[in-house]
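This report concerns only the one structure given below.
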Amino acid sequence: MEIQSIYVSQRKLRAPEQLVDMIRELEDGGTLPPIVLTRDENGTTQVQDGHHRITAIWLSGRQHLRPQEFLLVESERSRPRFGTVTDLLCRCGLGGDS
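Each residue of the sequence shown is one higher than the one before, counting from 90 in the numbering used here.
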């Protein structure tokens, strides 16, 4: 799944210092727990749980989530949307280009 097509539901990362270890884990060939994504009735996909994980995957240089890296849940309820991962990075002062 293309990361840039997924919306985030947080304005900021609560613990951005976690990203370094997550990126290192990915670069060493490790995995992170699955990211929980929701898809609403309009077909929009959004992060429900895993903003740090999806950000670490993006910062490790990847543009797509592998099937085993996420769980997609259908939802009738939509959450607030605050853009994409690159928007989140910019708001956190971490840049958005990759």
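Don't be surprised by glycine CBs; every beta carbon is placed ideally from N, CA and C.
- Per the coordinates, the alpha-carbon of HIS153 lies some 20 Å from the alpha-carbon of LEU183.
- ARG128 has THR134, GLU163 as its beta-bridge partners, per DSSP.
- Among the bridge pairs identified by DSSP, HIS153 is matched with GLU91.
- In this structure, ILE112 places its C-beta atom within 8 Å of the C-beta atom of ALA145.
- Counting C-beta atoms within 10 angstroms of its own C-beta, GLY139 has 16 or more neighbours from the protein chains shown and is therefore classed as buried.
- Looking from the CA of VAL174, the closest CA among ASP129, GLU114, VAL109, ARG142 belongs to ARG142.
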